[in-house]
Every structure is written in C-alpha cells, then in structure tokens.
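Heads up, the thing below is written out as structure tokens.
Numbering (this note's numbering), first residue to last: 571 to 762.
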C-alpha cells in the first residue's frame, strides 16, 4: 500500500511540474489523469491518530458518539433493527443492521447515540484501507503491533492497553487468521 501511495505521489508531483511548465512560451498543454481507488487516495499512514477511530463511507465520517440519524440519512432506511430496553440509560438500545455493517446505539438524552460500528462485509474499509478478509500480518504491517486481547487485535486512541474510556479499533479473526470483522467502539457508559 505504501508503494502504491508513493507511486501515486510521484505521478501527482510529475503532473504538477508538467502543468506548471505548460505556461511557458512555446510549450503545449499536457493533460495527465491519474486514477487511484478511494482507499489509496485517502488512506492514513504513519502513527495511530484520532482519525483512525472514525468510520467513513464515501467521504462521509461517522464518529463514535454521533447521532444515528446522520448515519441512517447516509445509508438509507433499508435496514433491520433490533431494539431492547437499555440497562445503562433511559430508553432503548438499538442494533441497526445494513448489508455488511452493524451499528449499536444507546439513548443519550433522548438521542440514539452511536457506541459501536462493526464492519462485517468486505465493502467497507478502515481509514487505513483495511477490509474484512485481510490477514493478521497485513493488519499489523499497516497499523503496527497493537494489543492482543484474547486473539483480538486492539488499538486504543489513548495507546493504553485495556483502556475502555477512549475509542477502540478492534480486528477479529477467523480460523485462517483473516479479518472476520472490524469494530469501532467506545463504552458510552464511561462517557456520561
């Protein structure tokens, strides 16, 4: 992935140089088109940062602790819902299931607030371009070692192992050590 990003940056730099040279007397205009996937053009690299803990789809971000209504406006009303009385808050907890995506909410001050987003299908990516189906080794190569919590590879926004008060990014693996699901999570009960 870094190699692709480096190639993309080199091509982009070349296109910029060519474009700036095209305004010189006697030169002809050069038009260069570079095509890359959305994941390659927007993937985060380097040290773990706050943006790693935000689920994004088609350029729209859905941070933990945001309103479910915003997510439903983006993805539409074609979902399955499971509703149960909340044991931590006043109102109903909800699970909203789209194809390849599950969203869990708690009622905070009368608003369905997102506490967890789980990617369960291959069509969604983390901010670094990881999807369901990649191997543990590929995830570690992209994110670094993380914390192993009973076979689950976990990254915390604070960088502290076991921290439940800041957002967490967790990778669950199947028997072949491939990503089975990806969780963006914050324990809402620790926030209010």
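Note that CB positions come from ideal geometry on N, CA and C, so glycine has one too.
Strand pairing of residue 617, partner residues [DSSP]:
Working through the chain shown from its first residue, we reach residue 617 at position 47. DSSP lists no partner for residue 617.
Cut-off 7 angstroms between Cβ atoms - residues of its own chain near residue 693, not counting five sequence neighbours on either side
The residue you call residue 693 lines up with position 123 of the chain shown. So the list reads 670, once near-sequence residues are dropped.
From 715, 673 and 662, pick the residue whose C-alpha is nearest to that of residue 641; which is it?
As a first step, residue 641 is located in the chain shown; it is residue number 71 there, counting from the start. Of the residues 715, 673 and 662, the one whose Cα lies closest to the Cα of residue 641 is 673.
Simplified DSSP assignment, three categories, for residue 736
Translated into the one-based positions of the chain shown, residue 736 becomes position 166. Taken through DSSP and simplified to helix, strand or coil, residue 736 comes out as coil.
Checking 7 angstroms against the spacing of the C-beta atoms, do residue 622 and residue 739 come in under that value?
As a first step, residue 622 is located in the chain shown; it is residue number 52 there, counting from the start. As a first step, residue 739 is located in the chain shown; it is residue number 169 there, counting from the start. Contact: yes.
From what residue to what residue does the alpha helix (DSSP H) around residue 712 run?
Taking the chain shown and counting its residues from 1, the one referred to as residue 712 is at position 142. Residue 712 -> alpha helix (DSSP H) spans 706-713.
Neighbourhood of residue 633 by C-beta, 7 angstroms cutoff - its chain only, sequence neighbours within 5 removed:
In the chain shown, residue 633 corresponds to position 63, counting from 1. If we look at residue 633 and ignore the five residues flanking it on each side, its Cβ neighbours are 624.
Among residues of its own chain, excluding the 5 on either side of residue 636, which ones have a beta-carbon nearer than 6 angstroms to its beta-carbon?
Translated into the one-based positions of the chain shown, residue 636 becomes position 66. 684.
Would you check if there are 3 or more beta carbon pairs closer than 8 angstroms linking the region 703-723 to the region 741-760?
Touching, yes.
Please tell me whether residue 649 and residue 678 are closer than 7 angstroms, where the distance is taken between their beta carbons.
Taking the first residue of the chain shown as position 1, residue 649 is located at position 79. Taking the first residue of the chain shown as position 1, residue 678 is located at position 108. Cβ distance not < 7 angstroms, so residue 649 and residue 678 don't count as in contact.
Counterpart residues of residue 694 in DSSP-defined beta bridges
For this step, residue 694 is matched to residue 124 along the chain shown. For residue 694, which the question treats as bridged, DSSP gives no partner whatsoever.
How about residue 752 and residue 689: do their beta carbons lie closer than 7 angstroms?
Here residue 752 is taken as the residue at index 182 of the chain shown, counted from 1. Here residue 689 is taken as the residue at index 119 of the chain shown, counted from 1. Going by beta carbons, residue 752 and residue 689 fall inside the 7 angstroms limit.
Beta-carbon contacts of residue 731 that lie in its chain and below 7 angstroms, excluding the five residues immediately before and after:
Translated into positions along the chain shown, residue 731 becomes position 161. Once the five neighbours on either side are set aside, the close Cβ partners of residue 731 are 717.
Assign residue 737 to one of two classes, buried (16 or more other C-beta atoms within 10 Å of its C-beta) or exposed (fewer than that).
For the purposes of this step, residue 737 is taken as the residue at position 167 of the chain shown. Around the C-beta of residue 737, 16 or more other C-beta atoms lie within 10 Å, and the residue is accordingly described as buried.
For residue 618, the nearest candidate out of 745, 750, 725 and 734 (CA to CA):
For this step, residue 618 is matched to residue 48 along the chain shown. Out of 745, 750, 725 and 734, the CA that lies nearest to the CA of residue 618 is found in 725.
Report yes if the CB atom of residue 687 is closer than 7 angstroms to the CB atom of residue 754, and no otherwise.
Reading the chain shown from its first residue, position 117 is the one you call residue 687. Reading the chain shown from its first residue, position 184 is the one you call residue 754. If you check the CB distance, residue 687 and residue 754 come in under 7 angstroms.
Give the straight-line distance between the Cα atoms of residue 663 and residue 698, rounded to the nearest whole angstrom.
Counting from 1 along the chain shown, the entry for residue 663 is found at position 93. Counting from 1 along the chain shown, the entry for residue 698 is found at position 128. Cα-Cα distance, rounded: 30 angstroms.
What's the gap between the Cα of residue 656 and the Cα of residue 759?
Within the chain shown, residue 656 is the residue found at index 86, counting from 1. Within the chain shown, residue 759 is the residue found at index 189, counting from 1. Those two C-alpha atoms are separated by around 11 angstroms.
Please report the straight-line C-alpha distance between residue 700 and residue 727, rounded to a whole angstrom.
Position 130 of the chain shown, counted from the start, is the residue given in the question as residue 700. Position 157 of the chain shown, counted from the start, is the residue given in the question as residue 727. CA-CA distance, residue 700 to residue 727, rounds to 17 angstroms.
Rounded to whole angstroms, how far is the Cβ of residue 644 from the Cβ of residue 627, which I believe are closer than 8 angstroms?
Residue mapping note: residue 644 aligns to position 74 of the chain shown, counting from 1. Residue mapping note: residue 627 aligns to position 57 of the chain shown, counting from 1. The Cβ separation is near 7 angstroms, so the contact holds.
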